[in-house]
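>
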Ligand code: NAP
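Numbering (this note's numbering), first residue to last: 1076 to 1549.
1) Please name the residue, chosen from 1508, 1505, 1531, 1522, that lies closest to residue 1516 on a Cα-to-Cα basis.
2) Where does residue 1328 fall in DSSP's three states?
3) Secondary structure at residue 1417, three-state DSSP: helix, strand or coil?
4) Measuring alpha carbon to alpha carbon, tell me which of 1490, 1493, 1297 ends up nearest residue 1221.
5) Cα separation between residue 1540 and residue 1196?
6) Write down the C-beta distance between residue 1337 and residue 1380 rounded to the nearest angstrom, noting that I regard them as a contact closer than 8 Å.
7) Is residue 1274 closer than 9 Å to residue 1526 when the C-beta atoms are compared?
8) From residue 1162 to residue 1354, what distance separates their C-alpha atoms?
9) How about residue 1114 and residue 1218: are their beta carbons less than 9 Å apart?
10) With 16 other CB atoms within 10 Å as the buried threshold, where does residue 1392 fall?
11) Residue 1481 and residue 1325 - do their beta-carbons sit closer together than 9 Å?
12) When burial is assigned at 16 or more other CB atoms within 10 Å of the CB, is residue 1472 buried or exposed?
13) Quick one: measure Cβ to Cβ for residue 1164 and residue 1106, integer angstroms, because I've assumed they're closer than 8 Å.
14) Does the segment 1430-1445 touch the segment 1480-1499, meaning 3 or more C-beta pairs lie closer than 8 Å?
15) Residue ranges of each beta strand (DSSP E) run of no fewer than 3 residues wholly in the segment 1076-1138, ordered along the chain?
16) In whole angstroms, what is the alpha-carbon distance linking residue 1350 and residue 1095?
17) For residue 1209, which three-state DSSP category applies?
18) So for residue 1360, helix, strand or coil by DSSP?
19) Residue 1131 and residue 1242 - do their beta-carbons sit closer together than 9 Å?
20) Can you tell me the Cα-Cα spacing of residue 1416 and residue 1448, whole angstroms?
21) Could you give the first and the last residue of the continuous alpha helix (DSSP H) run that contains residue 1308?
22) Express the C-alpha separation of residue 1097 and residue 1251 in angstroms, rounding to a whole number.
23) CB residue 1246 to CB residue 1112, shorter than 9 Å?
24) Which residues in the same chain as residue 1508 place their Cβ atom closer than 6 Å to its Cβ, once the five residues preceding and following it in sequence are excluded?
25) DSSP three-state label for residue 1561, please.
26) By Cβ distance, which residues of its chain are closer than 8 Å to residue 1266, with the 5 residues on each side in sequence left out?
27) Put residue 1261 into one of helix, strand or coil per three-state DSSP.
28) Looking at C-alpha atoms only, which residue of 1427, 1499, 1316 is the closest neighbour of residue 1401?
29) Is residue 1518 helix, strand or coil by DSSP?
30) Can you tell me whether DSSP reads residue 1219 as helix, strand or coil?
31) Distance check for residue 1263 and residue 1464, CA to CA, integer angstroms please.
32) Reducing DSSP to helix, strand and coil, say where residue 1383 ends up.
33) Cβ-heavy atom distance between residue 1315 and the ligand NAP below 8 Å?
34) Excluding sequence positions up to five away, which residues of its chain have a Cβ less than 8 Å from the Cβ of residue 1205?
35) Report the CB separation of residue 1432 from residue 1100 in whole angstroms; it is logged as a contact under 8 Å.
36) Which same chain residues end up closer than 6 Å to residue 1315 when comparing Cβ atoms and leaving out the 5 residues on each side of it in sequence?
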């Protein structure tokens, strides 16, 4: 596939027509090329978005809603093809890719309805000579920067509320996954949207990123990615006081109490830890098991992980695909060596699979402690580190002992304990006996160094709206 940039309603090869290759992480084969945009390309994309903004921002709710529904339908009609490309480019299994495409599509369906709710309200101050009202207005040109691990859904989770709000957008996907973004844009092209409403730039983040962020016409930056890059974006955006939303990294605790249904908890850990080979911001990164049930949980988990099928995501029985690249493999190995040096035991896995592709064995590690990289940082791989706790108080305290605050999970059948977990855990998203709590209708976002703002639900659209208050004397 030869991907292009997209602005002003059509594809462009880039001013200097420079390209970079995109690999399949399961085979290391080149599957396409994308354009290394130049700062002038970026400027042209922002020109297009700025010029389109006045008309699009004044379009009726109804017209915007119809556009969103048409996008939902276009994705749904091409679901299978998109899922195959996603697997080839990112590596996850076909079943997971299909789930991601459906999840992405649903943001357009959901915000097609939410668009009708984005109005303000009347304010009656306590005097009879004035009245006032608030209006919700689109913030302006929005830049949407997305990661490689959910390269389709993360574009949708931002683009749907941005368009619903009346913003025009410039999307910057990750270098590892520009092809799915380009295929999506070429589908959107067939819908003949107003030129300039949607724009796409790809390439070197050190060239494209600053060009986007420093452009004064950009009024919103919505970023999903690592905390390190998010911090840089926030600081660079300070120059123009640009509004920033950040969906950053996590370090999710997964706590299993001795009153939990153990089979259910094992299924929860498997879903929460091994989906997308563990490359998920909300993946269980630290698993805490109450002492009396620990031997049983470890035994059952080792059995379940032993049965996982690792392979090319295109094969129908594959459950775990490759990691994204060599850096990802290196990070997992560094974390495992650090843990072993500090006394942890690898129960199963722990090795890279030989041959092409970045495959890593599903791995269970026990005897983990709080000093290890495995529990201090996001491992972003198929490694489940377990440690043991004694009391509820210890469990919650240890879970909160991190600068991150994206998601946390608790397995218990005790209602009081579940309620205390919901109150005491310092995370934006808490799954109680629920390993996959993310929903299109629900707000997702992090506390502390996991981010600012929310995506999804009725709060998702607010990130792209400004409030205007009008006071009128009569
Ligand atoms: P990343 O390295 O931070 O990159 C994210 C995006 O930022 C990519 O498009 C990247 O481009 C771009 N970027 C890098 N440097 C930039 C700069 N100076 N200016 C502007 N853009 C720049 O993260 P990643 O490795 O793609 O994704 C994994 C991370 O995302 C994990 O930490 C994960 O937890 C997090 N994540 C969070 C959520 C959430 O909802 N909170 C969801 C998914 C992922 P290049 O790819 O070209 O470098």
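Note that CB positions come from ideal geometry on N, CA and C, so glycine has one too.
The structure says:
1) The shortest C-alpha separation from residue 1516 is found at 1531.
2) DSSP, read as helix, strand or coil, puts residue 1328 in strand.
3) Coil, per DSSP.
4) For the residues 1490, 1493, 1297, the minimum Cα distance to residue 1221 belongs to 1297.
5) Whole-angstrom Cα-Cα distance: 14 Å.
6) Going by Cβ atoms, the distance from residue 1337 to residue 1380 rounds to 15 Å, so no, they are not a contact pair.
7) The Cβ atoms of residue 1526 and residue 1274 do not sit closer than 9 Å to each other.
8) Their Cα atoms are separated by approximately 14 Å.
9) Going by C-beta atoms, residue 1114 is not nearer than 9 Å to residue 1218.
10) It is exposed - the Cβ of residue 1392 has fewer than 16 other Cβ atoms within 10 Å.
11) In this structure, residue 1325 places its C-beta atom within 9 Å of the C-beta atom of residue 1481.
12) Exposed.
13) 7 Å between Cβ atoms; contact.
14) Output reads no: the segment 1430-1445 does not touch the segment 1480-1499.
15) DSSP runs (the beta strand (DSSP E)) wholly in the segment 1076-1138: 1080-1082, 1085-1087, 1094-1098, 1105-1110.
16) Spanning the alpha carbons of residue 1350 and residue 1095 requires a straight line of approximately 29 Å.
17) It is a strand residue.
18) In this structure, residue 1360 counts as strand in the three-state DSSP scheme.
19) Yes; because the gap between Cβ atoms is below 9 Å, this pair is in contact.
20) If you take the alpha carbons of residue 1416 and residue 1448, they lie about 11 Å apart.
21) For residue 1308, the enclosing alpha helix (DSSP H) has its first and last residue at 1302-1312.
22) One C-alpha to the other measures close to 6 Å.
23) Result no, Cβ atoms of residue 1246 and residue 1112 do not sit closer than 9 Å.
24) Excluding residues up to 5 positions away in sequence, 1486 lie with their Cβ nearer than 6 Å to the Cβ of residue 1508 in the same chain.
25) No information on residue 1561 is available, as it lies outside the stretch 1076 to 1549 that the chain covers here.
26) Excluding positions up to five away in sequence, the list reads 1142, 1145, 1146, 1149.
27) Looking at residue 1261 - three-state DSSP - the assignment turns out to be helix.
28) The shortest C-alpha separation from residue 1401 is found at 1427.
29) If DSSP states are grouped into helix, strand and coil, residue 1518 belongs with coil.
30) Note: residue 1219 maps to strand in three-state DSSP.
31) The alpha-carbon atoms of residue 1464 and residue 1263 are separated by roughly 51 Å.
32) Residue state, collapsed to three classes: coil.
33) Taking non-hydrogen atoms of the ligand NAP into account, the C-beta of residue 1315 is found less than 8 Å away from none of them.
34) So the list reads 1546, 1547, 1548, 1549, once near-sequence residues are dropped.
35) Contact between residue 1432 and residue 1100 holds: their C-beta atoms lie close to 6 Å from each other, under 8 Å.
36) For residue 1315, the CB contacts under 6 Å within the same chain, skipping 5 residues up- and downstream, are 1291 in chain order.
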